[in-house]
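Scroll down for the structure; my scribbles are underneath it.
Take a look at the structure:
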C-alpha cells in the first residue's frame, strides 16, 4: 500500500471506502463527531417534542406511551450515543497529537470500537420502526422493564450491550495509548490536562462498564430465556438491577464530565494566555473525582429504602466530591486571574460553563443531603440539576471545543459571529428551560410525567420552560448551519490558529498529515509548544529523531464486518422470545461472521506499511508547499 | 458590634429566602409550604443548604466576574504576555479546607435528620393490652392506583388516604406489580414502594385538610411505572383524632355490606354482576383487591385519581377507561354495558358514602 495516493483527488466511492476501512485516529475522530452530532440532533428533537407536550396542562400532542419512549430514548441517546461519541471524537482527534504519537496503540481496535458503537446505536434506533422504542426510562428499572410489553426493552438491552462493548474497547485503547505512546520527554506530569482526563475517564470506563454489561446480560437472559434474576416472584430481586445500574451510572457521569473538564482546561489557558493554574492539583482533583465517583452510587437510591446508615454514609461520601470539583473551579478562575482574556467563541463557552456548572454542582450537594433528597428525588428538581451538569458542563464543553479544535480537525474555522449568536441563543434558552424546573420540583411536580393537571401551580413555569427549549433548538440549528458554512470556507493551512496554543497539537500545521508529526517531537517541559514558541523556535518543535521511515497501520474492513455480525446476531436474539424459527440460525450466522473475521484477523499477518522518507517529503510539500511543515 | 451585624445579615438573608421560597407553589402540593413535621424539617434543610450553597455561588461569581472584568485583553495589550504562574499552595489549601468545613457543617443536620426520619421503632410499641400505640397504614401501590389498609382497625380504602392530625402515622409501603414511589409533597419526602420488600417510614400531618382548595392534600407516584405514571395521583384527607375515629367506626360498620344481583336498583344489580368481583363496597377487610375499594367513593375528591368528582366522569371512565388512563388493568375486565346501565352504575357508586 502506498501513501503517495494522498496527493490525488479521490472519487466519492474511494473516499467512502476509505472511511469504512480507516484506522486513522483523526478520521475516526471525525466519524465519532458526525455520528455523535446525528444522535445529538435526534435526542434533542425528542426533547423538543416532550417540551411541546408539557407546554400546557392536559396536552395531547403525544400519547402517554410515546412520551415514555421519547423520555427513555432521549436520556439513553444523549448519554450513550451523543455525549460519549462526541467526547470520543475529541479524544481521538486530539490526544494522539497532544502526546506526540503517530496514532493510538491499537488502531484496528479503535475502528472496531467505533463500528460497534455506531451499529449498536443504529440497532437501538431501529426500535422506533419495529414496534416501539424502549419505554422504561434510561435507568430501565427492572420491575417496569420486565413488565414492559413488546420489544422495546430488548432493543435497549442488545443495543447498549453492543455499543457498550465498543466504548469499553475504546477506553482500553486510550489507557494503553497514553501510558505507552507518549513522545520522549512527555512525562506524566507534563501531560496536558485533556490527556489526563482522557486517561482517568478511560480507567473509569474500564471499571464502570462491566457492571452495566452484567446487568444488561441478566436482563437479556431474563427476557430471552425466562431466567429470574430480577423476577421477585421467582426469588429474583429488582434492587440488584438498581445497584448494578448505578454502580455503572454514577461513574458514567464522571466519564462524561471529566473530559469536559479537560477540554476547558485546554481552552481557558489559551485564551487567558496564561499557564493553567495549579496543574498538579488539577491532576490530583481529576484522580480523586474518578475515585470518589465509584463510592457514591447509592445516592441515586436514597428513597429505595436502604436504611438510614447506608443513606448517611453515601450522603457524606457524595458531599466529599464537591471538594475536588471546587478545587477545579477555583483553579480555572485563578487561571484567568492575572491573564489577558480574549473572548473568542470557545472562551465564551468556557465563561458560560463556569457559573452554569457551579449552579449544577451546588444543587448536587443539596441532593446529597439525604433527608432533603427524599423531597427532591424523582421530582423536576433533579431534572434541573442533571441538566445543569450535563448541558452546563458537558454540552458547553463540546460546543466550545468544536470551535476550538475545528481548525485542527478540518483545517477550517467555524464562524465567530454565528458562533457568538449560537452561544447566546443556546445559553439563554438553557437557563430559561432548566432554572425554573428547580422550582417546579419543589412545588411538587414529579419527573417523567407525560402530562399534568391544570391548577397545581405549575402551568406558567412549564410554559416558560418550553419556550427555553425552543431557543435551545434554534441554537443547535445555528451551530449546524455554522458547520455547513465552514465546509464551503477556505482551508486555513496554518499552524496555531488561535495564536496562543500551548500544547503539542498546536505545533503541527494543518491539514495534519496522516502520520501526524513527521518526526517525533521532543518534549522539554509542560506546555511544550508554548515553550518552543517563546524561545523563538520557528520550526514548531524540537524533534527527538532524524527524519526516517514511518511505520503505519493498514486500513481494514474487518472491524465493520465484525460489528455487522453482532448487529445481525442481535436481531436473532431480539426475536427469539417470539418463538420464530429463524432466530437461532440468525444468531449463529451473525456470530459466525464475527468469529470468522476475528479468525481472519488472527491468522492473516498484517504488519502495516512503511512510509519512506521520500514519500514523507513529497507529502509535506504537497500539503504545505516547498519546505514542508516548517 | 460587627458580630451583631453579621448575625443580623444572616438572619435577614434567611428571612428573605424564606419569603421567596414560601411564595412558591400551592399549599396542598408544594414542598415549600409543608403541613407536617417531616416536610418542615426537610424545608429547613433546604433553606440551610441553599444558604450555604448561595454563599459558595456568591463567592465564585464575584471572583469570576472580577477576574473577567479586570483581566480582559485590551487593544493596546495585544502583545502582552502575562506572568506564567504555576500555582499557589496557600490558595490550594484555602479552597480545599473551607469547602470541607462548609460540608462538615452541612453534614451534621443531614446525619441527624437521616437517622431521625429513619426511626420507625415506635411502630412496634404496644400498650398494656397489647394494642399498637401508633397508627399504621399499609400502602400498596398498584398499576395506577393506591390501596390503603389500616391493619389494626381492620379496614381498607383506596385512592384517598384518611389520617389523623398531630401524631406520627407509620407506613408500610409495597408495590403489587412494578415499582412505584409514594409521595405527598406538602407533608414530607417520598419513599419507594418496591416489589420485593416492605419499606417503612413515618409522616406527620399538622394541618386539617378541610381548609384547602379541594379539601385534600395531593399525593403523587414519583417513580416511572408505565404509560399512566403521570395520572397515578391520590389524595390525602387529614382529620382531627375524633373525626378520624368516627370515620374509622363508620368504615368498620360497613362490614358485610355488598351489592346484590337481585336488587331492584339497576345500578346495584349491574354493579354486582360486573364490578363487584374487583371492587368491594365494604370497608372492613384487608388489602389485596383487584380494584380500588369503593366503600367511601361518594366522599372522594376525584374519579380515577384525576377526573372531576361527578357522575359524568364516572360514565366517561366506565365507558372507556383506556382513553383516560392508558395501560390500566380495568379495561376489558367487565362486560359490555348499555348507556342506561352505565348511568345507573354511576348513580350507585356516587351514593356510596360513609360520611354524613
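Protein chains in written order, with my numbering: chain A, 1491 to 2120; chain B, 14 to 369.
Every residue gets a Cβ at the ideal spot worked out from N, C-alpha and C, and that includes glycine.
Source: prediction; values computed, not measured.
Below-8 Å beta-carbon distance, residue 1718 of chain A vs any chain B residue: no
Length at least 3, wholly inside the stretch 89 to 164 of chain B: the beta strand (DSSP E) runs in chain order: 148 to 155, 158 to 163
Buried versus exposed call for residue 1931 of chain A [16 or more other C-beta atoms within 10 Å across all chains shown]: buried
Residue 1751 of chain A versus A:1777, A:1599, A:1719, A:1687, residue with shortest Cα-Cα distance: A:1687
Collapsed DSSP secondary structure at residue 215 of chain B in the structure displayed: strand
Within chain A, partners of residue 97 of chain B - CB distance below 8 Å: 1764, 1765
Beta-carbon spacing of residue 2061 of chain A, residue 2085 of chain A below 8 Å: no
Neighbourhood of residue 363 of chain B by C-beta distance below 6 Å, restricted to the same chain and skipping five residues each side: 311, 324
Alpha carbon of residue 1885 of chain A to alpha carbon of residue 1537 of chain A, nearest angstrom: 15 Å
CB contact flag (residue 220 of chain B, residue 251 of chain B, <8 Å): yes
Rounded straight-line distance, which links the Cα of residue 51 of chain B to that of residue 144 of chain B: 25 Å
CA-to-CA distance, residue 2030 of chain A to residue 2022 of chain A, given in whole angstroms: 7 Å
Cβ-Cβ distance between residue 65 of chain B and residue 23 of chain B below 8 Å: no
Min CB distance residue 1565 of chain A to chain B below 8 Å: no
Chain A contact residues for residue 327 of chain B, given Cβ-Cβ distances below 8 Å: What residue 327 of chain B touches in chain A: nothing, since even the nearest Cβ is about 18 Å away.
Among B:308, B:61, B:288, B:320, the one whose alpha carbon lies nearest that of residue 269 of chain B: B:308
8 Å Cβ cutoff, residue 184 of chain B in contact with chain A: no
Boundaries (first-last residue) of the beta strand (DSSP E) holding residue 2005 of chain A: It is not in any beta strand (DSSP E) - residue 2005 of chain A carries neither H nor E in the DSSP assignment.
Chain-ordered chain A contacts of residue 335 of chain B [CB-CB under 7 Å]: None at all; the shortest Cβ gap to chain A is about 10 Å.
C-beta neighbour in chain B for residue 1776 of chain A, strict 8 Å: no
Exposure of residue 193 of chain B, with buried meaning 16 or more beta-carbon neighbours within 10 Å: buried
Presumed contact (8 Å Cβ cut-off) between residue 230 of chain B and residue 222 of chain B, rounded CB distance: 6 Å
Simplified DSSP assignment, three categories, for residue 1652 of chain A: helix
Proximal residues of chain B, C-beta to C-beta of residue 2125 of chain A below 7 Å: Because chain A here runs from 1491 to 2120, residue 2125 of chain A falls outside it and cannot be looked at.
Residue 35 of chain B at chain A interface by Cβ criterion, 8 Å: In this prediction, residue 35 of chain B scores a pLDDT of 48, lower than 50, which makes its location untrustworthy; no coordinate-derived value is stated.
Burial state of residue 281 of chain B (16 or more Cβ within 10 Å): buried
Contacts around residue 1833 of chain A, its chain only, beta-carbon distance under 8 Å, and the 5 residues preceding and following it disregarded: 1761, 1841
As assigned by DSSP and simplified to three states, the class of residue 35 of chain B: For residue 35 of chain B, the pLDDT reaches just 48, beneath the cut-off of 50, and the residue's location in the model is therefore unreliable, leaving the point undetermined.
Interface residues of chain A facing residue 26 of chain B [CB-CB closer than 8 Å]: Result: empty, since nearest Cβ-Cβ is about 16 Å, beyond 8 Å.
Through-space distance from residue 365 of chain B to residue 289 of chain B, alpha-carbon basis: 13 Å
Distance CB(residue 283 of chain B)-CB(residue 357 of chain B) smaller than 8 Å: yes
Nearest to residue 1530 of chain A (by Cα), restricted to the options A:1565, A:2066, A:2113: A:1565
Residue range of the alpha helix (DSSP H) that includes residue 1517 of chain A: 1515 to 1543
Proximal residues, the stretch 293 to 305 of chain B versus chain A, C-beta separation under 7 Å: none
C-beta contact flag for residue 1694 of chain A and residue 1749 of chain A at 8 Å: no
Within-8 Å CB hit, residue 313 of chain B to chain A: no
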